Amino acid sequence: MSFGKGHHLHLIDGSAFIFRAYHALPPLTRKSDGLPIGAVAGFCNMLFRYVEDNKQGDAPTHAAVIFDHSAKTFRNAIYPAYKANRPELPEDLRPQFPLTRQATRAFNIACIEAEGYEADDIIATLACRARAAGGTVTILSSDKDLMQLVGDGVEMLDPMKNRRIGPEEVFEKFGVAPDRVIDVQALSGDSVDNVPGAPGIGMKTAALLIQEYGDLETLLARAGEISQPKRRAALQDNAELIRISRRLVALDCAMPLEVTLDSLEVHPPQPEAVLSFLNAMEFRSLTTRVAASLKVAAPPMEAARGAEVTGAHDAPEAAPSLPFDTAAYECVRDAAALERWIAAIRERGVVAVDTETTSLDEMRAELVGISLCVQAGTACYIPLGHRQGGGDLFGSSALTEGQMPVAQALALLKPVLEDDAILKIGQNMKYDAKILARLGISVAPIDDTMLMSYAMHAGLNSHGMDALSDQYLGHQPIAIKPLLGSGKSAVTFDRVPIDQAVAYAAEDADITLRLWELFKPQLHRAHVTTVYETLERPLVPVLAQMEMAGIQVDRDTLSRMSNAFAQKMAGLEAEIHDMAGEKFNVGSPKQLGEILFDKMSLPGGEKGKTGAYATGADVLEDLATEHELPGRVLDWRQLSKLKSTYTDALQDHINPETGRVHTSYSLTGAVTGRLASTDPNLQNIPVRSEEGRRIREAFVAPKGRRLVSLDYSQIELRILAHVADIPALKQAFREGQDIHAMTASEMFNVPLDQMTPDIRRQAKAINFGVIYGISGFGLARNLRIPRSAAQGFIDRYFERFPGIKGYMDDTVAFAKANGFVQTLFGRKIHTPEINARGPGAGFAKRAAINAPIQGTAADVIRRAMVRMPAAIAGIDAKMLLQVHDELLFEVAEDAVDTLIPIAREVMETACDPAVHLSVRLTVEAGHGANWAEAH
DNA sequence: GGGCTCACG
DNA sequence: GACGTACGTGAGCCCG
Numbered sequence: 001m002s003f004g005k006g007h008h009l010h011l012i013d014g015s016a017f018i019f020r021a022y023h024a025l026p027p028l029t030r031k032s033d034g035l036p037i038g039a040v041a042g043f044c045n046m047l048f049r050y051v052e053d054n055k056q057g058d059a060p061t062h063a064a065v066i067f068d069h070s071a072k073t074f075r076n077a078i079y080p081a082y083k084a085n086r087p088e089l090p091e092d093l094r095p096q097f098p099l100t101r102q103a104t105r106a107f108n109i110a111c112i113e114a115e116g117y118e119a120d121d122i123i124a125t126l127a128c129r130a131r132a133a134g135g136t137v138t139i140l141s142s143d144k145d146l147m148q149l150v151g152d153g154v155e156m157l158d159p160m161k162n163r164r165i166g167p168e169e170v171f172e173k174f175g176v177a178p179d180r181v182i183d184v185q186a187l188s189g190d191s192v193d194n195v196p197g198a199p200g201i202g203m204k205t206a207a208l209l210i211q212e213y214g215d216l217e218t219l220l221a222r223a224g225e226i227s228q229p230k231r232r233a234a235l236q237d238n239a240e241l242i243r244i245s246r247r248l249v250a251l252d253c254a255m256p257l258e259v260t261l262d263s264l265e266v267h268p269p270q271p272e273a274v275l276s277f278l279n280a281m282e283f284r285s286l287t288t289r290v291a292a293s294l295k296v297a298a299p300p301m302e303a304a305r306g307a308e309v310t311g312a313h314d315a316p317e318a319a320p321s322l323p324f325d326t327a328a329y330e331c332v333r334d335a336a337a338l339e340r341w342i343a344a345i346r347e348r349g350v351v352a353v354d355t356e357t358t359s360l361d362e363m364r365a366e367l368v369g370i371s372l373c374v375q376a377g378t379a380c381y382i383p384l385g386h387r388q389g390g391g392d393l394f395g396s397s398a399l400t401e402g403q404m405p406v407a408q409a410l411a412l413l414k415p416v417l418e419d420d421a422i423l424k425i426g427q428n429m430k431y432d433a434k435i436l437a438r439l440g441i442s443v444a445p446i447d448d449t450m451l452m453s454y455a456m457h458a459g460l461n462s463h464g465m466d467a468l469s470d471q472y473l474g475h476q477p478i479a480i481k482p483l484l485g486s487g488k489s490a491v492t493f494d495r496v497p498i499d500q501a502v503a504y505a506a507e508d509a510d511i512t513l514r515l516w517e518l519f520k521p522q523l524h525r526a527h528v529t530t531v532y533e534t535l536e537r538p539l540v541p542v543l544a545q546m547e548m549a550g551i552q553v554d555r556d557t558l559s560r561m562s563n564a565f566a567q568k569m570a571g572l573e574a575e576i577h578d579m580a581g582e583k584f585n586v587g588s589p590k591q592l593g594e595i596l597f598d599k600m601s602l603p604g605g606e607k608g609k610t611g612a613y614a615t616g617a618d619v620l621e622d623l624a625t626e627h628e629l630p631g632r633v634l635d636w637r638q639l640s641k642l643k644s645t646y647t648d649a650l651q652d653h654i655n656p657e658t659g660r661v662h663t664s665y666s667l668t669g670a671v672t673g674r675l676a677s678t679d680p681n682l683q684n685i686p687v688r689s690e691e692g693r694r695i696r697e698a699f700v701a702p703k704g705r706r707l708v709s710l711d712y713s714q715i716e717l718r719i720l721a722h723v724a725d726i727p728a729l730k731q732a733f734r735e736g737q738d739i740h741a742m743t744a745s746e747m748f749n750v751p752l753d754q755m756t757p758d759i760r761r762q763a764k765a766i767n768f769g770v771i772y773g774i775s776g777f778g779l780a781r782n783l784r785i786p787r788s789a790a791q792g793f794i795d796r797y798f799e800r801f802p803g804i805k806g807y808m809d810d811t812v813a814f815a816k817a818n819g820f821v822q823t824l825f826g827r828k829i830h831t832p833e834i835n836a837r838g839p840g841a842g843f844a845k846r847a848a849i850n851a852p853i854q855g856t857a858a859d860v861i862r863r864a865m866v867r868m869p870a871a872i873a874g875i876d877a878k879m880l881l882q883v884h885d886e887l888l889f890e891v892a893e894d895a896v897d898t899l900i901p902i903a904r905e906v907m908e909t910a911c912d913p914a915v916h917l918s919v920r921l922t923v924e925a926g927h928g929a930n931w932a933e934a935h
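Residue 894 in UniProt numbering sits at position 894 of the first sequence; the count goes up by one each step and never skips.
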């Protein structure tokens, strides 16, 4: 049957896939001969994902991958400068092109290119033919040049964002329907492809003109009617150039092409062809995954046994030698069985441990079972707290039969878990260590696969077990969701039948052990062993202690404040409704936007991409000069935030047993090395506004004790002064000057004794801007000054402190060359987007500039925290919280004066002896009955 | 569940 | 000429 109605054709933009793959991955080479294969590796991964994704659902009946053939096309005959300003291809990319064609055929997908034509023309021609035959077409690409083809059975799919692009999306981008896209492109031109267009006319203007005149020829014919002289001239003087531009951007829908649609019919990959290709490329992990998907055995690696794709995080040793077999896992039900496992652990000296509990909140979770793994494939699960389903009215029910008493199991395990000679491996061991600590077992020594992954690959991928297993072992772990259910019918792990729990839990321990075996040697090769050993692993027990200690929060104080906020909010709400002349939900940005900009017609209403008006604080502040309502909304919002997020939600986090709030710190939550605090987040308790600051009065010390706060003074600016080597900044710090005032004086030629708060404020904003990878736009917005003035400030700053620009350029260059940046202590932060094009490039650059500074500061306080417990061991004091540059302690009243100098010394000398800063770090201290007083 | 808004360093 | 921009986080609310 030939292609026609009911058939669906996928046209894949192969060249875009290649470039995306090339820039997304580090420069990998084939181990056996050094052949560059990074783009091929990424390309194959994308193809595999494409094949997997299209197994079900609205799968295409026909498909092809389209490539560009060569740089010269018929368009060069029309306009020689077409695409003339394209940068040279990277030299390690060109040799990969033929391999991507081979890869496509290996996956049994048709592969098309044609001399003298661009891939886009082939796509256009095939799309037109398919449409004429009555079929439908999806073009897998996000290239705007293809958008002219959309409509009437043809749509695009952005494979990266998984976003459908139909006529509406095209209109959103170009301001005209798909059939007029080339008119707009002809007018606006394209700097990337070197399409000239009309000088002085951009996309916005072009769309406006086409909307008004209907099409390009009419517009050119009636150009004389345009009232703006510049526009009129641009069109009249360049009519020919515009017509040429139109021929350049118009795709050829009827090029000669021997391929028939029928020959593009979809066939599943032939295992032998695809596996032998992947094997020849030495993609071990992908070979395994593809083999698993095709349900055949992976071929043995031939060329390079034990080979490694250098720099690859999709490393070949990821291939599991042993398949996962849940049936082989043992359920341990009595002491005799557990003793056999303990003997095996003692013999090996290493064990992966995982606990199953009733909650993600370690302070409330009840132990349900423990799994152990001593070598890949050899794992067990010890059920301890499983209960019969159902339960009575009160939810309680009897323990399932065939489980050891918890006390007996723990008594047997405790000596092993606490044995110095036995390494306990976990994935996020802080969680399990806390569960076991509450049961009287202090687990040590430990290794943690999540932290190993973080030390090696921060910025590259996430570090959860499912992701790691999939990525490095080519294995999808059993999902927890089907076991627990979701929504109202969700149950806790103790209700999971034991046989299912065995498979799930033992597999987790098995995966953890396999990941550890894989990561352990890699740490060294990635040169992050020291980072892992000094900044990650030793922090686990320190954070566990802090989290378990918790901080006392006074419920009555919060409750009183909450009531006061509610009253004020009610008053403001009435005022706001009055001014608006109607009742509406003040908390709804959508409704507020409509009131402000539609009903009241205030100026400056701008709709975002979702079509809603922006009503952020910056917008409302600008409007406050026009009307009183926006100011009231700002006040209301502040109170609403304080009430819902702090005075109310915080009360729910007070643990009923301890009466304290126990946050949880994530060691891998921020790519830069900072910690992140969750459930609740105690790193964003208000302090900047006077009203918010009072929330901190609810964070108290118990009777007879005090809260002590120690924080680093200007740590990031000091680190900047050191790494960028800025003599003026260093000297100012050495002399204990006000750093922002000094900057202001230097920049604006104002003597220090004549400094005004406003000038200092501007300098402060610039200092912070520098740390963030400053841009004229960003500074302008922050200071609410014209962009030109902001740019002037920045130029002047770079002039006065020449090392800064050098540091920024060097950092970005390093990131581009290496794919990561580093802190002074060797922490790596990967920057995979740094070589990308488009707006993402700006983000990546600024992040790369900021990361070494923010990351070094994070390393410094981590070092201080690791050393703190030993330093304050003799003092009646506990470290409770970390807020990036601050440590908060709870201390016996009479020990405050002892603690402060000792803790300060630890913090100020935290860099020693690994790094010698040319600027000394200083720490400010305070104490009080509550956090507001202490800070 | 995504987007908006806003709290912190 | 046009585009989009300060860095790093987490949480609560609205709304489809």
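Positions of the beta carbon are idealized from the N, C-alpha and C atoms, including for glycine.
Note that the structure is predicted; figures quoted are calculated from it, not measured.
Beta-carbon proximity list for residue i, same chain, < 7 Å, skipping 5 on both sides
i, result
"A304", "With a pLDDT of only 41 at A304, under the threshold of 50, the placement of this residue in the model should not be trusted, and no figure is reported."
"I244", "I78, Y79"
"L779", "A765, I766, G769, A790, F793, I794"
"Y532", "L451, M452, A455, L523"
"T672", "I829, A851, Q854, G855, A858"
Same chain, Cβ closer than 8 Å to residue i, neighbours up to 5 away in sequence not counted
i, result
"A624", "P630, G631, L634"
"G773", "M808, K845, R846, A847, A848, I849, N850"
"N655", "M363, R364, G550, V661, H662"
Bridge partner(s) assigned by DSSP for residue i
i, result
"R387", "L399"
"N930", "V700"
"S666", "A676"
"D448", "G426"
"V195", "D190"
CB of residue i within 8 Å of CB of residue j, strictly
i, j, result
"M203", "V184", "yes"
"M450", "T668", "yes"
"R693", "A932", "yes"
"L261", "A130", "yes"
"G826", "H386", "no"
"L93", "A39", "yes"
"V502", "G426", "no"
"A119", "D68", "yes"
"L28", "A41", "yes"
"A71", "N194", "no"
"L372", "V351", "yes"
"I12", "V65", "yes"
"A763", "A732", "no"
"S397", "Q403", "no"
Neighbourhood of residue i by C-beta distance below 6 Å, restricted to the same chain and skipping five residues each side
i, result
"P320", "Confidence is the limiting factor: at P320 the pLDDT is only 43, short of 50, which leaves the residue's position unreliable and the question unanswerable from this model."
"A344", "V374"
"M255", "Y117, D121, T125"
Contact between the segment 540-556 and the segment 437-451: three or more CB pairs below 8 Å?
-> Below 8 Å, enough C-beta pairs join the segment 540-556 and the segment 437-451 to call them touching: three or more.
Is it true that the segment 642-651 meets the segment 679-690, where meeting means three or more beta-carbon pairs spaced less than 8 Å apart? yes
### Query
Is there contact here, the segment 866-875 with the segment 831-850, by at least three beta-carbon pairs under 8 Å?
The segment 866-875 is not in contact with the segment 831-850.
| Should the segment 503-523 be regarded as contacting the segment 608-624, the criterion being three or more beta carbon pairs within less than 8 Å? | no
**OP:** Specify whether the segment 347-364 and the segment 487-507 touch according to this definition: at least 3 beta carbon pairs, one from each stretch, less than 8 Å apart.
**Re:** yes
If you scan the segment 808-859 from start to end, which runs of the beta strand (DSSP E) of 3 or more residues do you find wholly inside it? 820-822, 828-830
* Check whether the segment 710-718 touches the segment 553-564, counting contact only when three or more Cβ pairs, one atom from each stretch, lie closer than 8 Å. => Segments in contact, no.
Fill in: Length-filtered (4 minimum) alpha helix (DSSP H) runs lying within the segment 202-246
203-213, 216-221, 229-237
Scan the segment 596-661 and note each continuous alpha helix (DSSP H) run of 4 residues or more that stays entirely inside, going in chain order. 617-623, 629-641, 649-652
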